[in-house]
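Q: What the sequence shown shows, in my numbering, is residues 48 to 583, in sequence order.
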Amino acid sequence: MRFKKSEHTFAMNRMIKVLLIISIMLSGSFVRSQTPDPTITTLFQNSYKVIDAMRLPGGIYLDALAISTGDKPAALAANGVGLLSLCIADAMYKKTGDAINWDANAESKALQTINEWIRLKNTPGAVNVNGLFHRYFNPADGSWVWVTEHSTIDNAILAAGFLFCKNYFNKNSEIVTKTTTLLNSMDFTAAIPPSGDQIYMILDDNGVGSALTTPFNEYMLLAWFAKNSNAAFSGYNRAQTYWTNKFSDATKLPKYSYPAGNPTLSSGSSYAQPSFHVQFCYYYCNYFIRNADYMTYFGNQATADKTWWQNNTGQQVAWGLGAGEIPGGGYSADAVNSNPNKIVSPHIMAGFIPVNAGVKNDLIAIYANGTGPSVYKIPGTNRQFLWRYKYSSTAARAAYVQAVDFSTMLYGLAALPEYLGTDFFKTYNDFNFNPTSSSIGLKASIGSLSSYPNPFSDKTTIQFELKNSAHVLIEIYSANGQRIKQLVNRKLSAGKHTVKWNTQKDATSAVLPGAYFCRMSVDNQFHDTKQLLVVK
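#1: In three-state DSSP terms, what is Y95?
#2: Using CA coordinates, which residue listed in F480, K473, A113 is at the minimum distance from T576?
#3: Short of 6 angstroms in beta carbon distance, which residues of its chain neighbour V78, apart from the five on each side in sequence? Order them along the chain.
#4: Here's the rule I'm using: 16 or more other beta-carbon atoms within 10 Å means buried, otherwise exposed. How should R337 be labelled?
#5: Under three-state DSSP, which class holds N481?
#6: Here's the rule I'm using: 16 or more other beta-carbon atoms within 10 Å means buried, otherwise exposed. How should G256 be labelled?
#7: Report the residue from T508, S385, L534 whose alpha carbon sits nearest the alpha carbon of L580.
#8: Once you ignore the five residues that flank E274 on each side, which residues in its own chain have a CB closer than 7 angstroms to its CB?
#9: From D252, A278, F280, L312, pick the residue whose C-alpha is nearest to that of P262; which is it?
#10: Taking all protein chains shown into account, decide if T418 is buried (16 or more other Cβ within 10 angstroms of its Cβ) or exposed.
#11: Hey, would you say K506 sits closer than 8 angstroms to K543, going by beta carbons?
#12: Residues in its own chain within less than 6 angstroms of D452 by CB, not counting five upstream and five downstream?
#13: So which of A279, Y563, N515 has the shortest CA-CA distance to D570?
#14: By the three-class DSSP mapping on this structure, what secondary structure does V402 have?
#15: Can you tell me the Cα-Cα spacing of V333 and A207, whole angstroms?
#16: Looking at the unbroken beta strand (DSSP E) that takes in C565, where does it start and where does it end?
#17: Helix, strand or coil for W548 per DSSP?
#18: Does the beta-carbon distance from K293 to S316 come in below 8 angstroms?
#19: Thinking C-alpha only, which one of L496, F209, A365, Y414 is nearest R430?
#20: Nearest by alpha-carbon distance to D234: which of A554, V174, W191 is it?
#21: For my contact list, N521 and M456 are in at a C-beta cut-off of 8 angstroms; report their separation, rounded to the angstrom.
#22: Taking the C-alpha atoms as reference points, what is the distance between Y108 and Q363?
#23: Please go through the same chain and pick out, in chain order, the residues whose beta-carbon is closer than 6 angstroms to the beta-carbon of G42, but skip the five residues on each side of it.
#24: Anyone know if the C-beta pair for S322 and Q348 falls short of 8 angstroms?
#25: Going by DSSP, what residues sit across from S304 in a beta bridge?
#26: How many angstroms separate the CA atom of L130 from the CA atom of R102?
#27: Excluding five sequence neighbours on each side, which residues of the same chain lie with their C-beta closer than 6 angstroms to the C-beta of S74?
#28: Could you give the first and the last residue of the continuous alpha helix (DSSP H) run that contains V325?
#29: Between W32 and P393, what straight-line distance do the alpha-carbon atoms span, to the nearest angstrom?
#30: Can you tell which of W366, P310, G361, G367 has the C-alpha that lies nearest to the C-alpha of D340?
#31: Are the beta-carbon atoms belonging to N264 and H197 less than 8 angstroms from one another?
#32: Taking only runs that begin and end inside the segment 428-478, name each unbroken alpha helix (DSSP H) of 4 or more residues, in chain order.
#33: Is the segment 178-187 touching the segment 106-121 in the sense that three or more CB pairs, one from each, lie closer than 8 angstroms?
#34: For the alpha helix (DSSP H) that contains A100, what are its first and last residues?
#35: Please report the Cβ distance between G398 and Y344, rounded to the nearest whole angstrom; I am assuming they are in contact, meaning their Cβ atoms lie under 8 angstroms.
#36: Identify which residue in S540, Q529, T545 has its Cα closest to the Cα of K552.
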């Protein structure tokens, strides 16, 4: 067992998880159908439009959408989000043919934005000696605005947008060539000091670092880009060592448990991290999304987040511990036991969709037919979207919607199986992307795995489909990460497959009622996970 605990703690943890899942089930949250819900579809479409509303005519994105005051400057992270949003908009346009709510010109807009970054890359003063851009900048010449810093994580999110476009628009040779040029010019290894123990959050014009941080947090993304950076950079070998020592094994990272027996990733055992830390890593870092241990902690973070809200408000549908504009003014990054204003972050709720199908129903509930306190409108339109509000003071409104914070609303909804699914992110955030790879493009009736019945008392049938033959490993894990049973471990042919689980963990005993996880790996890469609920 990976996480040692007393039988009492384990029993209490199981009870909490079961109660949470049963409450979700009773509210109609176990959604097995791939039929799109009209409300969710509208929120998905409008979430793209929120990002698009931050786009300047020349192709650069502003830091935030101004709801009730003046514009903010252009920002690196917003442009990474903008580029990824164009991939989503193009995929949905091709899927639906809907040019009103999606974007028939997404590919040309992506190229326009990429051309702007090529221009800025070659503009004196726009980048530092490491090829990294200013966090906030003037679109005309890339000069700094507000602060002179070259934020390493914001540059990494921008680079994630380049990588996603390179892979998604892989048939557009101009996009591929120019994004490759941009990625190869950004030296993320400079963010790792010679000691190799921490990572710089800020570099100055001369590449001098400051503001050190330690794992775990969203800087896993930065370390991932450093590991996969141009091998000609002087810090390349140091980046390999840093990644191996700090991020290759999730079980060795610091943990914060909430509730008892539910470990979440943190940089220390005495405090929690905001939920966007794991969400950014999920959507931007291929290693995270394909690693079974990281995915366990991703699910645990969702449990911790929702449990904190239930324990502190007594309700089950409004939650999300994230970052963004404080309604009424200011900015906050909230976490378990560190959310004094009780700010609900719907974008965090959506970001957990890959591990909590019930989020759809929670979002519909807080939308409340367009009347909920989380509902905002894009200025000058009737398009409604969900954003932050104070649970105990709903009259206060946010003046801005920050692109980087709001992004997980769009990503989470895109990950729903009825739209683009989690494969969309697993495929296109990969440095080793290969359009002809046999391990890419798995599908099933819901995500890559589906099961029916679920919940169940005696047995369930797990279904999946392979586009090509592949080696498949399917295992059952307990809620605390212990492997219970191996169901499949062999090469399978292309086509539809089913496997049954009768709740047995060995030849003589069955599991107790509770939450379990079915994990699927394909060709030795983690692919998907499905939550299963065993009831009496």
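Backbone N, C-alpha and C define an ideal beta-carbon position, used for all residues, glycine too.
A: Answer, in terms of the structure:
#1: helix
#2: K473
#3: Residue placement at V78 is flagged as unreliable, the pLDDT there being 35, under the threshold of 50; a coordinate-derived value is accordingly withheld.
#4: buried
#5: Note: N481 maps to coil in three-state DSSP.
#6: By the Cβ neighbour-count rule, G256 is buried, with 16 or more other Cβ atoms within 10 Å of its own.
#7: T508
#8: Residue identity differs from the one stated: residue 274 is Lys in this sequence, not Glu. So the list reads A286, Q287, W290, once near-sequence residues are dropped.
#9: Check the Cα spacing between P262 and each of D252, A278, F280, L312: the tightest is with L312.
#10: exposed
#11: no
#12: These residues qualify, in order along the chain: A370, G371.
#13: Out of A279, Y563, N515, N515 has the C-alpha closest to the C-alpha of D570.
#14: helix
#15: The identity of residue 333 in the sequence shown is Asn, whereas the question assumes Val. The alpha-carbon atoms of N333 and A207 are separated by roughly 11 angstroms.
#16: 561-569
#17: W548 falls in the strand class under three-state DSSP.
#18: no
#19: Y414
#20: V174
#21: The residue asked about is misnamed: residue 521 is Ile in this sequence, not Asn. The pair is not a contact, with the Cβ atoms about 31 angstroms apart (cut-off 8 angstroms).
#22: 35 angstroms
#23: Any property of residue 42 remains undetermined from this structure, which presents the chain solely from 48 to 583.
#24: yes
#25: P310
#26: 10 angstroms
#27: The predicted position of S74 is uncertain, since its pLDDT is 36 and thus under 50; a value taken from the coordinates is nonetheless stated next. Once the five neighbours on either side are set aside, the close Cβ partners of S74 are N408.
#28: 323-331
#29: With the chain represented from 48 up to 583, any question about residue 32 goes unanswered, as that position is not in the structure.
#30: P310
#31: no
#32: 450-461, 470-475
#33: They touch, by the three-pair rule.
#34: From DSSP, A100 is part of no alpha helix (DSSP H); its letter is neither H nor E.
#35: Contact doesn't hold; Cβ gap of about 14 angstroms is too wide.
#36: The shortest CA-to-CA distance from K552 to any of S540, Q529, T545 is the one to Q529.
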